[in-house]
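*Asks:*
In full-length UniProt numbering, the protein residues as written are 1 to 399.
1. In the structure shown, what three-state DSSP assignment does residue 170 receive?
2. Do you know how far the Cα of residue 38 is from the Cα of residue 170?
3. So residue 211 and residue 113 are in contact, right, with Cβ under 8 Å, and what is the actual spacing, rounded?
4. Where DSSP assigns a beta bridge to residue 96, which residues make up the other side?
5. Based on DSSP bridge pairs, tell me the residues matched to residue 77.
6. Just to confirm, are residue 152 and residue 229 a CB contact at a threshold of 8 Å?
7. In chain order, which continuous runs of the alpha helix (DSSP H) of length 4 or greater are located wholly inside the segment 227-305?
8. Can you tell which of 251, 262, 269 has the C-alpha that lies nearest to the C-alpha of residue 285?
9. Run the CB neighbour count on residue 368, radius 10 Å, all protein chains shown included, and call it buried at 16 or more, exposed below.
10. Rounded to whole angstroms, what is the Cα-Cα separation between residue 330 and residue 160?
11. To which residues of the same chain is residue 111 closer than 7 Å at the C-beta, ignoring the five residues directly before and after it?
12. Could you spell out where the beta strand (DSSP E) holding residue 161 opens and where it closes?
13. I'd like the span of the alpha helix (DSSP H) that includes residue 116, first residue to last.
14. I'd like the list of long-range same chain contacts for residue 236, defined as Cβ closer than 8 Å, with 5 residues on each side in sequence excluded.
15. Just to check my reading of the structure: residue 256 and residue 271 have Cβ atoms closer than 8 Å, yes? What is that Cβ distance to the nearest angstrom?
16. What's the C-alpha gap between residue 207 and residue 90?
17. Where does residue 217 sit, in a helix, a strand or coil, going by DSSP?
18. Quick one: measure Cβ to Cβ for residue 191 and residue 69, integer angstroms, because I've assumed they're closer than 8 Å.
19. Measure the Cβ-Cβ separation of residue 258 and residue 95 and say whether it is below 8 Å.
20. Going by the beta-carbon positions, is the gap between residue 198 and residue 53 smaller than 8 Å?
21. What distance in whole Å lies between the Cβ atoms of residue 55 and residue 86, which are believed to be in contact at a cut-off of 8 Å?
22. Alpha carbons only, please: which of 183, 274, 167 is nearest the one belonging to residue 288?
23. Does DSSP put residue 67 in a helix, a strand or coil?
24. What residue range does the alpha helix (DSSP H) around residue 131 cover?
25. Near residue 109, which residues of its chain fall below 7 Å by C-beta distance, leaving aside the five closest residues on each side in sequence?
26. Return the first residue and the last residue of the alpha helix (DSSP H) that residue 34 is part of.
27. Under 6 Å Cβ to Cβ from residue 301, same chain only, skipping five residues before and after it: list those, please.
28. In angstroms with no decimal places, state the Cα-to-Cα distance between residue 128 and residue 77.
29. With distance defined between alpha-carbon atoms, name the residue in 203, 249, 217 nearest to residue 123.
30. Would residue 33 be called buried (16 or more neighbouring beta carbons within 10 Å of its own) or exposed?
31. Can you round the beta-carbon distance between residue 67 and residue 253 to whole angstroms, since I take them to be within the 8 Å contact cut?
32. If we ignore side chains and look at the alpha-carbon of each, how far apart do residue 241 and residue 234 end up?
33. Compute the distance between the beta-carbons of residue 187 and residue 249, then report whether it is under 8 Å.
34. Output needed for residue 51: all residues of its chain with C-beta closer than 8 Å, excluding positions within five of it in sequence on either side, in chain order.
35. Using the Cα positions of residue 261 and residue 63, report the straight-line distance between them to the nearest angstrom.
Set out below in structure tokens:
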């Protein structure tokens, strides 16, 4: 071991006591996979356990094999209607349909297993946009001939656990203290149905457990100051963070570019079709338009007031913290003589507490604004009819 390597390892060991360790620097892939992590105790606790597969289009999956030229020993096959992405199969790995659209290609680039093993997570925990970010990083490093380093990636990006409402997912985004290496708003919104649209990537004669963890785990993100970069990595970091929002994600993931870098082998016809599908209209994603117009995420701010949670949403959360937290315990201050109908103050307070985490996930996270308003209107109409019938019956009995 060289003196520089020994010094860096010593610095990393000191940094690990504060929170984060880049294990891939001194551990093999198998050792990282086998090392214990903060696993979830049971799959039934995970949000993915409630998301059974709804993608059964055999013809489309057959077309995917042809379009993306998935070759032996790999093969995309349909998942069953009762399958969940949190169920592990050594011979068949769950692949979200939107992850392929996001730029994930097969076989996996060797950097991906090392990155996920270093963080300690299963690949099925990542939403499509996380794959976009990983692939953008790989493209930038290969183009500029920078080291494909786990330490460099984790110095630029952070991994975050999803909220208790949608337990088990892991999101990736630029660290707030780090200048972005491409325009972060150039990534499109996730398709709300991505969790329920997946297939299997069969590896004939292979074992996915040799590349990835079999269980879902929590991540411990740590501080960027804990990450010790080599001189080469520090130079790459300085160059990559000079982007100043100039590079767009869909440009990096251009299929012809992926092919030139050895990350894809699709035909010219397929590349044109894929690029046309991924390129946003008018050269702007919905996130870029919202940022330009000063509009917040509609899922958090534009839903009707009566169905909006009364807690502030964090940057990466998809909903309130927990169904068992104090925020969901009604504290209406009602007296026996008070009525929700008769006192507007109590009616408003009641509406704040009437939205449960499950309702939030179903009505807000997985619905369009029009769908939320429609569901809310139906609910209000049902309540109004109930009250009307109640008072009519009450008046009849009074007479």
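No residue lacks a Cβ here, since even glycine has one placed at the ideal position from N, Cα and C.
*Replies:* With the given structure in hand:
1. Counting from one through the chain shown, the residue named residue 170 turns up at place 170. In this structure, residue 170 counts as strand in the three-state DSSP scheme.
2. The sequence position of residue 170 within the chain shown is 170, counting from 1. The sequence position of residue 38 within the chain shown is 38, counting from 1. About 13 Å.
3. On the chain shown, position 211 is the one that residue 211 refers to. On the chain shown, position 113 is the one that residue 113 refers to. Between residue 113 and residue 211 the Cβ distance is about 4 Å, and since that is below 8 Å, they are a contact.
4. Translated into the one-based positions of the chain shown, residue 96 becomes position 96. Looking at the DSSP assignment, residue 96 forms a beta bridge with 198.
5. Here residue 77 is taken as the residue at index 77 of the chain shown, counted from 1. For residue 77, which the question treats as bridged, DSSP gives the partners 200.
6. Sequence index remark: in the chain shown, residue 152 carries index 152 (1-based). Sequence index remark: in the chain shown, residue 229 carries index 229 (1-based). Yes, these two residues count as a Cβ contact at 8 Å.
7. 231-240, 249-252, 255-260, 268-278, 286-293, 298-301
8. Counting from one through the chain shown, the residue named residue 285 turns up at place 285. Residue 285 has its Cα closest to that of 251, out of 251, 262, 269.
9. By one-based count along the chain shown, residue 368 stands at place 368. Only weak support exists for where residue 368 lies, its pLDDT of 49 falling under 50; the value from the coordinates is given anyway. The residue in question, residue 368, is exposed, as its Cβ has fewer than 16 Cβ neighbours within 10 Å.
10. Position 330 of the chain shown, counted from the first residue, corresponds to residue 330. Position 160 of the chain shown, counted from the first residue, corresponds to residue 160. Because the pLDDT at residue 330 is just 42, under 50, the model does not fix this residue reliably, and the point stays unresolved.
11. As a first step, residue 111 is located in the chain shown; it is residue number 111 there, counting from the start. Cβ within range, chain order: 138, 148.
12. Here residue 161 refers to the residue found at position 161 when the chain shown is read from its first residue. First-last of the beta strand (DSSP E) with residue 161: 157-161.
13. Within the chain shown, residue 116 is the residue found at index 116, counting from 1. Looking at the DSSP string, the run of the alpha helix (DSSP H) that includes residue 116 is 111-119.
14. Along the chain shown, one-based indexing puts residue 236 at 236. Closer than 8 Å at the Cβ level, and outside the excluded window around residue 236, lie 141, 144, 146, 147, 149, 152.
15. As a working mapping, residue 256 is identified with position 256 in the chain shown. As a working mapping, residue 271 is identified with position 271 in the chain shown. Confirmed, Cβ separation roughly 5 Å.
16. Indexing the chain shown from 1 puts residue 207 at position 207. Indexing the chain shown from 1 puts residue 90 at position 90. In a straight line, the C-alpha of residue 207 is about 5 Å away from that of residue 90.
17. Numbered from 1 along the chain shown, position 217 holds the residue referred to as residue 217. Three-state DSSP puts residue 217 in a strand.
18. The residue you call residue 191 lines up with position 191 of the chain shown. The residue you call residue 69 lines up with position 69 of the chain shown. Residue 191 to residue 69, Cβ: 24 Å. No contact.
19. Here residue 258 is taken as the residue at index 258 of the chain shown, counted from 1. Here residue 95 is taken as the residue at index 95 of the chain shown, counted from 1. In this structure, residue 95 does not lie closer than 8 Å to residue 258 by Cβ.
20. The sequence position of residue 198 within the chain shown is 198, counting from 1. The sequence position of residue 53 within the chain shown is 53, counting from 1. Yes, the Cβ-Cβ distance between residue 198 and residue 53 is below 8 Å.
21. On the chain shown, residue 86 is found 86 positions in, with the first residue counted as 1. On the chain shown, residue 55 is found 55 positions in, with the first residue counted as 1. Incorrect: roughly 16 Å between the Cβ atoms, too far for contact.
22. On the chain shown, position 288 is the one that residue 288 refers to. Residue nearest to residue 288 within the set 183, 274, 167 is 183 (criterion: CA-CA distance).
23. Counting from one through the chain shown, the residue named residue 67 turns up at place 67. The answer is helix: DSSP assigns residue 67 an H, G or I state.
24. Your numbering for residue 131 matches position 131 in the chain shown. Where residue 131 is concerned, the enclosing alpha helix (DSSP H) stretches over 128-144.
25. The sequence position of residue 109 within the chain shown is 109, counting from 1. Excluding positions up to five away in sequence, the list reads 138, 263.
26. As a working note, residue 34 is residue 34 in the chain shown. Start and end: 29-34.
27. Position 301 of the chain shown, counted from the start, is the residue given in the question as residue 301. Low per-residue confidence applies at residue 301: pLDDT is 48, beneath 50, and the placement is therefore not dependable, though the value from the model is reported in the following sentence. Nothing meets the Cβ criterion.
28. Translated into the one-based positions of the chain shown, residue 128 becomes position 128. Translated into the one-based positions of the chain shown, residue 77 becomes position 77. Approximately 19 Å, taken between the alpha carbons.
29. For the purposes of this step, residue 123 is taken as the residue at position 123 of the chain shown. Here the closest residue by C-alpha is 217.
30. Within the chain shown, residue 33 is the residue found at index 33, counting from 1. Classification for residue 33: buried.
31. In the chain shown, counting from the first residue as 1, residue 67 sits at position 67. In the chain shown, counting from the first residue as 1, residue 253 sits at position 253. About 16 Å; that fails the 8 Å criterion.
32. Counting from one through the chain shown, the residue named residue 241 turns up at place 241. Counting from one through the chain shown, the residue named residue 234 turns up at place 234. Across the structure, residue 241 and residue 234 are spaced so that their CA atoms are roughly 11 Å apart.
33. Position 187 of the chain shown, counted from the start, is the residue given in the question as residue 187. Position 249 of the chain shown, counted from the start, is the residue given in the question as residue 249. In contact: residue 187 and residue 249 (Cβ atoms closer than 8 Å).
34. Residue mapping note: residue 51 aligns to position 51 of the chain shown, counting from 1. Here the set comprises 84, 85, 195, 196.
35. Here residue 261 corresponds to residue number 261 of the chain shown, with the count starting at 1. Here residue 63 corresponds to residue number 63 of the chain shown, with the count starting at 1. Rounded to the nearest angstrom, the two C-alpha atoms are 24 Å apart.
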